[in-house]
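J.:
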Amino acid sequence: MARVGVFICHCGENIARTVDCARVAEYAATLPGVAHAVDYRYMCSDPGQRLIETAIREHGLTGVVVASCSPHMHEVTFRRTVARAGLNPFLCEMANIREQCSWVHEDREAATAKACELVRLMVEKVKWNTALEPIHVPVTRKALVIGGGIAGIQAALDIANGGREVILVEKGPSIGGHMAQLSETFPTLDCSQCIMTPRMVEVKNHPNITLYTYAEVEKVDGYIGNFAVTIRKKARCVDEALCTGCGECQSKCPQGKLKTSVIPNEFDLGLSRRPAIYVPFPQAVPNVPVIDKEHCRYFQDGKCGVCQKVCPAKAVDFTQTDQVVTEQVGAIVVATGYDVMSSGEYGEYGGGRYPDVIDGLQFERLLSASGPTGGEVKRPSDGKVPETVVFIACAGSRDRSHGVPYCSKICCMYTAKHAMLYKHKVHHGQAYVFYMDIRAGGKNYDEFVRRAIEEEGAVYLRGRVSRLYQKDGQLIVKGADTLSGQPVEIAADLVVLATAIQARPGSDALAQMLKVPYDGYGFLSEAHPKLRPVETNSAGVYLAGACQAPKDIPETVAQASAAASKVLGLFSMEQMEREPTVSVVNERTCIGCFDCERVCPFGAIEHREIRDRRGNLLKVVSHVNEGVCAGCGACATTCRSGSIELRGYTDEQVFAQIAAVGV
Amino acid sequence: MAKALRTEALLDFLRAVQQDARRLVAPVEEDGLRLFRAVDRVEEITLAEGNTRWSFKEVLFPRSEALFHYRLSGGSVALQEPDQPEGETVVFGARPCDAAGLAVLDAVFAPNGRPDPDQAPEHEDPFYRRRRAQTTIIGLACLEPGPACFCTAVGLSPTGTAGSDLLLTPLPDQGVFLAEAVTEKGERLLAAHAHLFTDTDDTKEQATRAAEGRIQRTALSGVGGPLATLFEAPPWEELAARCLGCGACAFVCPTCHCFDIVDEGNAAGGSRCKFWDSCGFALFTAHTSGHNPRATQPARFRQRVLHKFRYLPERFGVQGCVGCGRCIATCPVNMDIQEVVAKVTG
Amino acid sequence: MANVYLPYLMTVAAVRDETPDVRTLRLEFQDESIREGFRFRAGQFGLYSVFGQGECVFCIASPDTRPGAIECSFSYRWGGKVTSALSRLTVGDTMGFRGPYGNWFPLDAMRGKNLVFIGGGIGMAPIRSIFETALDQRAEFGDILLLNGARSVSDLVYKAETEAWIARDDITCVKTVDPGGETPEWDGKVGLIPKVLEELAPSATNALALVCGPPIMIKFALESLAKLGFGKEQIYTTLENRMKCGSGQCGRGNIGGCYVCKDGPVFSAAELEQLPPEF
Amino acid sequence: MSYAYFPGCSQQGMAAEFDRSARSVCDRLGIALSEIPDWVCCGATPAHATSHLLSIALPALTLAKVKDADAVATVCAACYSRLRIASHELREDAELRARVKEAAGVECAGEVPVRHLLDILCNDLGVAAIRERVKRPLAGLKVACYYGCLLMRPPKVVAFDDPENPRVMDEVLAAAGAECVEWPYKTECCGASLSLARPDVVCKLANDILREARDAGAHVIAVACPLCHTNLDLRQADVARQYGVRYEMPVLFFTQLLGLALGVPEKGLGLNRLIVSPKPVLEKLAAA
Amino acid sequence: MMSDTFEPKIVAFVCNWCTYTGADLAGTSRMQYPANVRIIKLPCTGRISPLFIMKALEQGADGVLVSGCHPGDCHYTAGNYHARRKYTIFREMLHFLGVEPERLFFSWVSAAEGRKWADLVAEVTDTVRRLGPRRSAWGEPVEGIAAPRLSANPVPFEAPAGTFAAQAEAMREKAKALLAGGEVGTVIGYEQGTLPGTARPAFVSTPEEVDRLVWNEHCHQNLAVYAARKPAKPGKVALVVKPCDERSLVGLLQENRLAREDVVLIGMACHGVQSEGALAPRCAACQTRTPALADPVIGEATPPTATADPRLEQIARIEQMAPAERWNFWQGHFSRCLKCYACRAACSLCTCERCLAEKAQPRWIPAPPDGAGNLSWHAVRAWHLAGRCVDCGACSAACPADIPLYLLNLKLAQVVKDAFDYEAGRDPAAAPPLTTYREDDAQEFIR
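Chains as they are written, first to last, in the working numbering: chain A, 122 to 784; chain B, 2 to 347; chain C, 54 to 332; chain D, 626 to 913; chain E, 103 to 549.
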């Protein structure tokens, strides 16, 4: 019979007040297999733990039951105590006689009786516990970062600077993401290009970082420490090695004559045009153009080929094909960023009908020196400098009827910035801001907004815009000013909608590929909002930036560094240590129906062939990949013949507890 | 002088016997099949021809019984004998084949005094011995043996007396049951209810010839010897290819006596249970290491045949099969032991 | 009439790990009267029970010349329900034992003869019972040779006793491990039991051989003994089979017509030859 | 498609011309309207302002009488809104059905869909069919189509077009040859039932609408609701008095304009019943 | 609480991440609730097996509560979805067997719902207290309640004249061709039984032996039971299959127990088979009388009749009984069970190398054929065939005690059809119902 030690804690008065701990200890001593039972005032205190350690050594205990608080509180503590005394930590169980007994049952008699039962349950269970050693899984100490925005760049640099190799994959022709499109950034108004371009170059030149641009992740196999990622590098039709970035091809491309070109420039959100062979923006990294096959005359009707002729470095190669590469990585950071809801979604604000109703990102391009108007604020319709600009906050966010009930968090700040920058550019201009509430909770944020109002003279009107219509060249904005209680009507030259931040289209497909859950809006779900914000339920996959939820640049960079630290933490060990409570297959009785494989949410079940000595195949059975198994036990419940067991919650252990209730 | 019991007086006789005994076990109809049950009122008993779905073996060798109870408290264990009901059990309606089967059960469970000097002291099954002593068998001869019956092929008869304490043979033409007391228990039974019996000089020869005439199965005489040499014979493979490996044939058989012993209970205690087992199951002889002396289903069916037709006669001097035909009627795939033995030794 | 299935209550007096998955228990009868009266013969087996888990069969490993307590050695390598429960017992625990059952080694026939004892792995348990019984009356016998073999050093059973036996000068004791099973500090022989046996080449005249071990080992050992001139009746072994009642009723322990629990477990090689290949 | 026609109270009183023109238009376009026998008032705004049960029970009384018709046709925006919402709620809420049965003694589960004439013209008949039957296209006539605030709201239940920027009436009248102007006040409220309680508010709203229509260059305003018609047509005098602007903007029901285009004689369209006479505009048009 | 009122003993299986934490929250918030519940912690509802519920009832629990994360919250993404499907079926089975519905409780309690947990425990305790103690032990009949009997009114068997003979001849031709051509090593069909009016499986490996093969209304065994075994003779196996037998082959394909190309199917158009002298109940209303997968299909099937399946009426009768009556009805039948496992041996889908009934560590199903052992065995057997059984009738035909196993199989097949719109044996590529889930699976029984 096992030699179990039972240790009843008073927890000061918390347990002792309604549970007669002495009587429980007395009762425990009578249980079959219990070699030692004692109660003490504070079992988790230092003397309490020492009491357990000495008892283990003195009585040669083979199992320990600590009856005290919830295992969520001190299971780790007591398992460490037990380990110090030389007993395997998994031979220690806790009976929850505080949260689930003394605190919820006033009647002393009933509480004591129940405490006794809970102790008996755990004593019976611990007899069937087996010593378990942590599982060691080899780790490929190379990381993959998906998405080349500021989040991806920061994470890649941190990991690379941590001495580990990184593969950065960016879908577009250049890294930079949405931040590259911004003019200046709140609250310090430092120019986004100035603070970001050096980082982008650093990424390009960093020995530890392999950069794949114009490339997408197609398939992810494997598990934490051993991912095999298939990446498709789309054909740029320009050889990155040869191209010097001189820009000849762009200027000569017939499709590209700025005035006549019909191709909207995605980087400028359609406010400018670009040639068929293009670099999204001057500071692009890598500064290597890409041929847009839909609009290139060579690909559409076989004529032209001017870019190839003029290219001094002979870098243009129309025959280039997609390249598919497989990389072995140990961890993946998802930094795929966000998208802005298009102003066209807002019918009542004339979105999509009036050219001078634009969204925040388009206004950023107008403000940006590298933008379509060289930094001068000119309205898209006729290029006039607008004297009156109306900014409408919460255009799409916090609006259930548009399917975006959440607050996009950054619009209040960039709207104040827009009002301020507009004033800097058009001194005599007047900015109006319709808002519901101003959310400026960051460091120096509220001061920034106060400056926009008090120093830059932006008129903040608390109220919703009900209607907006065009009348002889101006946009009549009808709204209400709830503070003065008066309806308001403003004739504006330009209206900027602070539209909602949404998840990238296709983020759900990526999430399914990575087996990461995502919410109803397409944002990827973190493992725990407070305790594990940058981790996911899929071990080895981390999140950074707006792909997890709308957030500003400071928070994004913080998350990127956090994700990087998690990756570096994982890579700090040769072997990764994982909880040993995983499933194991009894290969003699498994018949290979693989129902377990169908129910395993983590794809932890593999096929293993059983061969006899001469090598001919006897049968194919299930095998649990201990690196991937999360210990949920769905397989153990589904297996009809009971051929797969979850360690820590084996059939024997549960059976013993149920049988103990029957006594 | 044979005794006779008027057909109408049978129920009175049985009611009287029931008063003296603890219980009267007899065949009744239940959910469309005929089984031996302890009857409340004698009217429930069915006297129709043919046999029950399985024999009254479980009156003496129950399908599951507790050998002892154990209580676990602290480090110690307390053992406790199971309580066994006292009092006479009378089994009525036992067909001659079933009654003859008792000889096997007696030989295995209560060898009482078979002198075997250099063997370790014989171990009897006390439970079986007590029940056997407190059981009286009133046999009922068969007039219309069924298609699966082959008692005559194994040297028995539809009107045989072996195993019964008192055998009643229905003589429909004379409207009586011919009563033959086979043992002193039978004598005592006749004496106790003498008023119901009258002397008669009728005999059962004619009934016996008629009944035996209905069995067309070929005799299996002296098969023990040839079977000894046929362990490796090829036919087992074909003959038993379709056997599914269940325990139906063993559990309906009046002579099968194999059992398993398991502890059932929980942390506070429980009981050690002995219950029916069958050599047909794969796990019957499997070692925990995975080695199984009888790895294939034909090997297991061979054990069933050899155990009945060679080992039991050789070791205990009793015929292992009484030809009741139940295993043939019950087997889902019609494994026919009489056909197999005939083919293997033929 | 006594309930034959009721085991004697035993207390675990000592626990010794022979190998990572073989353990020896020393059991004392809790009931005084039974302790005095209990007798058995080397070679007989018993049924050991852990209440709540069940019973299982193996031999009594202690010599029958030292009554009062018995020892048993068992392997729990295959994780059987009862053997695993036995492996969790600690000193002072209560378990059950009933027996003795079956026949025993022919001690009388062995008197005055040279004896060759061969034990393979856990098969060493029944051999030790008869071997130590013989040692307790050493004078009765001629030369005694003991060959204790195992797959590997760690699998060797009764290591301590074997050293003691090697130290004795009135017997020859040899230990061997299969090739590949040796360790750097191993001082015994390295070789399969049959090969070592042929090297030792004990003379067959006026000799008896007692062999126990896995079926493979017994098969080749018998061949080697035959080469050395041992007749079929000069060789004895015990059979290990799945048994439940111990008294020939549960119908489980038969090899052909022979009931291992009643006609065995000790058989001579001659008897073994008669049995059909069902073990 | 067979339609059970629900005229509505206004169309028997102050907006008789809407009903008369609607019937003539449908007649000309081959749309069979069979009036629901002894229909009752839909309860309009007062019903649902006072008691929710009443606002459902009244339409239920009528809807229950609709037998073997593909849909219920309505012309007035208020009737359409009330009937449509009532049948929607009856379909969704079994408990409500029970209470209505107990209160009004009728079993109605709102199976027959309720449609507005514009919806029928545009989506069932189709604009091309209308263009074919036009005899005298309203060439040169600039119309400001005014939908009012009720016809398309609440969108989930009643809308059969984009609630922010409806196009149905524009397309129907364009098919009739008119030129529908772009103007922002398509769905602004005209003050509806405040017409009696707060005429000053109605004048303010009417003035905005009329001004925007004028500024958009419209000759006439087309409406699809008797209440809107009253506030824009009847109140033009008050607007002139309050804001000193005489718009002389004729306000017609879209069925009247459509009737003209289809060649229905003016008498059949009840043009004479309008306060601001459309005659001058129409004559100028005919002359051009 | 030593008062004389009945204090129910309730076992609660809860998931560690949500409900256990919710219970802790009830503790930290000092919410009072009755002390009748003993909590057993599991990592996820996905790990809370119906066997636990059965064992708790067997050990005498008066009520069982199972609770975990709300759908969508599962820490392991899908544990509760799988569990929900299992409970949907297992709960219906226990009710059908006569366990009072008010003894089983299922709920979702999140880590933040301390109040919901406290109220739930109070409600469960109160409900079970009012229901009263268990009226009998697991597997024992309830005192003083007569076990209702179901009558079966058999339908006479008639097949169109001459069809059997023609089919038999064509089948033998095909078998001979297959054997002679060496395409298969063994043909498994039917041959005349040794008792009048019986047929039995026959293993034929040479063209000459083919003449032993017969085809008539007595060929009721499901030969697919031999499909998953390694053939004694080398070469492929040909099976003579009726449509219902073929459906069990679809099940075997779904569970990788054989490869389609390893077996040649001689499909027999079916006219229904005979059992106990009448048309087998399952054939009365059988709608698929022509094999779908078989390579050659021999003969024309008798068109299905419109008669309703008589067994459905029996199921309806059982469902109308009071729980105690239903309980006694089943204990009455199970009391005859000898645990000969013929039902398992005859079932073509029972292909486990070691059945759960033979798993000793731990022994979920008590081994002896007594009350508890029999009830647990028949509950687990029916449970393991839910969503897999193709109603081929082999188990009921093989049972020496005539236990109406088809009632259990059919009832669970109905539950799976209603709840998951799934029928066993139709599509080899379909995922078995208990290995997949839909997020909108019905869950009105979960609090």
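Ideal Cβ placement from N, Cα and C applies to all residues, glycine included.
In this text, all values refer to a predicted model and were calculated from it rather than measured experimentally.
If you count every other CB in all the chains shown that lies within 10 Å of the CB of arginine 528/E, and 16 or more means buried, which is it?
T.: Burial call: exposed.
J.: Residues of chain C with CB under 8 Å from arginine 124/A, in chain order?
T.: Near arginine 124/A (Cβ distances below 8 Å), the residues of chain C are Thr143.
J.: Are the CB atoms of glutamate 469/A and arginine 653/A within a distance shorter than 8 Å?
T.: No, the pair does not count as a contact, with Cβ atoms beyond the cut-off.
J.: Using a C-beta to C-beta distance shorter than 7 Å, which residues of chain D count as neighbours of tyrosine 475/A?
T.: In chain order: nothing, as chain D lies at least about 10 Å away.
J.: In whole angstroms, what separates the C-alpha of aspartate 364/E from that of isoleucine 290/E?
T.: Cα-Cα distance, rounded: 14 Å.
J.: Rounded to the nearest angstrom, what separates arginine 428/E and arginine 483/E at their Cα positions?
T.: Looking at the two C-alpha atoms, the distance is approximately 19 Å.
J.: State the DSSP-derived secondary structure class of threonine 136/C, mapped to helix, strand or coil.
T.: Threonine 136/C: helix per DSSP, three-state reduction.
J.: Leucine 615/A and aspartate 477/A - do their beta-carbons sit closer together than 8 Å?
T.: Cβ atoms of aspartate 477/A and leucine 615/A: closer than 8 Å.
J.: Does DSSP put aspartate 240/C in a helix, a strand or coil?
T.: In the structure shown, aspartate 240/C sits in coil (DSSP, three-state: anything other than H, G, I, E or B).
J.: Which partner residues does glutamate 30/B have in the DSSP bridge list?
T.: According to DSSP, glutamate 30/B bridges with Arg35/B.
J.: Does the beta-carbon distance from alanine 831/D to leucine 798/D come in below 8 Å?
T.: In this structure, leucine 798/D does not lie closer than 8 Å to alanine 831/D by Cβ.
J.: Using Cβ-Cβ distances below 7 Å, what residues of the stretch 792-811 of chain D are close to chain A?
T.: Those residues of the stretch 792-811 of chain D that come within reach of chain A (Cβ to Cβ, closer than 7 Å) are Pro809.
J.: So, with DSSP's three-state summary, where would you put isoleucine 548/E?
T.: Strand, per DSSP.
J.: Just confirm the distance between the C-beta atoms of cysteine 760/A and cysteine 717/A, as a whole number of angstroms; I'd bet it's less than 8 Å.
T.: So it is a contact: roughly 6 Å between Cβ atoms.
J.: In the DSSP assignment, find the beta strand (DSSP E) that holds leucine 168/B and state where it starts and stops.
T.: Run containing leucine 168/B: 167-172, per the beta strand (DSSP E) assignment.
J.: Using a Cβ cut-off of 8 Å (strictly closer), state whether arginine 768/A contacts chain E.
T.: Not an interface residue.
J.: From which residue to which residue does the alpha helix (DSSP H) around proline 56/E run?
T.: With chain E covering 103 to 549 only, the question about residue 56/E has no answer from this structure.
J.: Are the beta-carbon atoms belonging to lysine 111/E and aspartate 175/E less than 8 Å from one another?
T.: No, these two residues do not count as a Cβ contact at 8 Å.
J.: Against serine 277/B, what residues of chain E qualify as contacts under a CB-to-CB distance less than 8 Å, listed in chain order?
T.: Per the sequence presented here, residue 277/B reads as tryptophan, with serine not at that position. Under the 8 Å cutoff, chain E gives Leu440, Lys441, Pro471.
J.: Do you know how far the Cα of threonine 331/B is from the Cα of valine 253/B?
T.: One C-alpha to the other measures close to 8 Å.
J.: So, for glycine 234/E: in the same chain, excluding its five sequence neighbours on each side, which residues have a beta-carbon less than 8 Å away from its beta-carbon?
T.: Correct list, in chain order: Phe108.
J.: Between threonine 136/B and chain C, is the shortest Cβ-Cβ distance under 8 Å, so that the two count as touching?
T.: Not closer than 8 Å to any Cβ of chain C, the Cβ of threonine 136/B fails to qualify, so no.
J.: Leaving out five residues before and five after valine 65/C in sequence, what residues of the same chain have Cβ atoms less than 6 Å from its Cβ?
T.: So the list reads Leu78, Leu142, Val144, Asp146, once near-sequence residues are dropped.
J.: Kindly list the residues whose CB is nearer than 8 Å to the CB of alanine 544/E, restricted to its own chain and excluding five residues on each side of it in sequence; keep chain order.
T.: If we look at alanine 544/E and ignore the five residues flanking it on each side, its Cβ neighbours are Thr190, Ala521.
J.: From the DSSP secondary-structure annotation, give me the bridge partner or partners of aspartate 411/E.
T.: Paired residues: none, contrary to the question.
J.: Is alanine 698/D helix, strand or coil when you go by DSSP?
T.: Strand.
J.: Check the Cβ of glutamate 469/A against every Cβ in chain D and list those closer than 8 Å, keeping chain order.
T.: Per Cβ cutoff of 8 Å: Glu789.
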